[in-house]
Structures are given as C-alpha cells and as structure tokens.
Amino acid sequence: MTTIEYNSCVDEYADGVFRFILKNIRDEEKARDIVQDSFTKMWEKVSDIKSDKAKSYLFSTAYHTMIDLIRKEKKISTYEGGHEDLLTTGHGYNDLQEILNEALEKLPGIQRSVILLRDYEGYSYKEIGEITNLSESQVKVYIYRARMHLKEYIGSLENVI
Numbered sequence: 000m001t002t003i004e005y006n007s008c009v010d011e012y013a014d015g016v017f018r019f020i021l022k023n024i025r026d027e028e029k030a031r032d033i034v035q036d037s038f039t040k041m042w043e044k045v046s047d048i049k050s051d052k053a054k055s056y057l058f059s060t061a062y063h064t065m066i067d068l069i070r071k072e073k074k075i076s077t078y079e080g081g082h083e084d085l086l087t088t089g090h091g092y093n094d095l096q097e098i099l100n101e102a103l104e105k106l107p108g109i110q111r112s113v114i115l116l117r118d119y120e121g122y123s124y125k126e127i128g129e130i131t132n133l134s135e136s137q138v139k140v141y142i143y144r145a146r147m148h149l150k151e152y153i154g155s156l157e158n159v160i
C-alpha cells in the first residue's frame, strides 16, 4: 500500500471505524484512541497490507484493540473492587433510538459487535467473519441470536408502554 492509498483509507474509513467502536463502548475519548491506535498499527505494517484488504485489516485491528481495552478495564475494575456498573437509574423512554441503544447495550459483546457491523455498517457475513475471526456460520448464528434478543426486548417494552 502506498502513502496515497493509506491517506485515502484514512479519509474513507475513519468515520465508519469510529462509529463502530463508539456504538460498542459508548466513550468518545476511548473510541478516538482506539481508532488512532488502529491507524497507527496499520501505518506500521503499510508495506505488508494490500490496498484492497485495508478496510478489513482496519476494522479487525480496531475490533481487537477494543476487546483488549475492555479486558484490561475489566481486570482493573475487578481488582479495584468497583461495582459502579451495578447502579442503574430508571427513566422514561421518549425516543426509539434510545430504546434501541439500551437494547444493544444488553447484548453480549460479540453479538453487539456483529449486529453493529451487519446492520449499522453494512458488512457482509464473510467480511464480519474476517474482522472478528469467526466463521461465516458463527456470524450468522450470533446475528440471529442478537436480532431475536432485540425483538424480544423491544416487544416487551411495547407491552409496558
């Protein structure tokens, strides 16, 4: 990959990678750091990456960097004995986007990632498999389970509202 192709890749994919990571971790600063780290890692291997594989490499790198960060933070919070994540506050729903975001947050990490890649970013099952190191059939199963969970969650809210 040439420098021009790398710069083109930055222009073309930076926003998509940022959206994907932000939807998963809900922290803009951490999302920016992950995107920056991903592009740095890509630059370090720019001579080894073919331009047609840049998108896949970038999303894979961002995904794995995000997973590493989540694991690191989980170890730190377990070590410190923090239980802030157990505190919740109730609030009324006034927006479908808010309901969808809450439903997405309740999904296990891998299901949330594959559903965001498929439905928000528009990747094929094969591309998602390459990004997450899953087989195409595993990706389909995770997407199916995530959609069933979302359907059940949103359906139960309709009965309440």
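Numbering-wise, the sequence shown is residues 0 to 160 according to numbering that gives the first Met the number 0.
For every residue, glycine included, the Cβ atom is placed at its ideal position computed from N, Cα and C.
Exercise for the section: Using three-state DSSP, classify residue 29 as helix, strand or coil. Expected result: If DSSP states are grouped into helix, strand and coil, residue 29 belongs with the helices.
Practice task
Please work out which residues of its chain come closer than 8 Å, Cβ to Cβ, to residue 46, disregarding the five sequence neighbours upstream and downstream, and give them in chain order.
Solution key: Result list for residue 46: 0, in chain order.
Handout entry: Counted within 10 angstroms of its Cβ, other Cβ atoms place residue 60 as buried (16 or more) or exposed
Key = It counts as buried.
Practice task
Measure the alpha-carbon distance for residue 30 versus residue 21 and round it to whole angstroms.
Solution key: For residue 30 and residue 21, the distance between alpha carbons rounds to 5 Å.
Exercise for the section: Note the first and the last residue of the continuous alpha helix (DSSP H) segment covering residue 11. Expected result: Run containing residue 11: 2-24, per the alpha helix (DSSP H) assignment.
Problem - Helix, strand or coil at residue 126 according to DSSP, with G and I counted as helix - result: Residue state for residue 126 is assigned as helix, using DSSP reduced to three classes.
Exercise for the section: Would you check if the segment 122-138 and the segment 30-39 touch, i.e. whether three or more CB-CB distances between them fall below 8 Å? Expected result: Pairwise C-beta distances place the segment 30-39 out of contact with the segment 122-138, as fewer than three of them are shorter than 8 Å.
Problem - Backbone CA spacing between residue 138 and residue 6 [nearest angstrom] - result: Across the structure, residue 138 and residue 6 are spaced so that their CA atoms are roughly 30 Å apart.
Problem - 7 Å Cβ shell around residue 116 - same chain, five flanking residues per side excluded - result: Cβ within range, chain order: 19, 122, 127, 130.
Problem - Proximity winner among 132, 8, 102, relative to residue 144 (alpha-carbon distances) - result: For the set 132, 8, 102, the Cα lying nearest the Cα of residue 144 is the one of 102.
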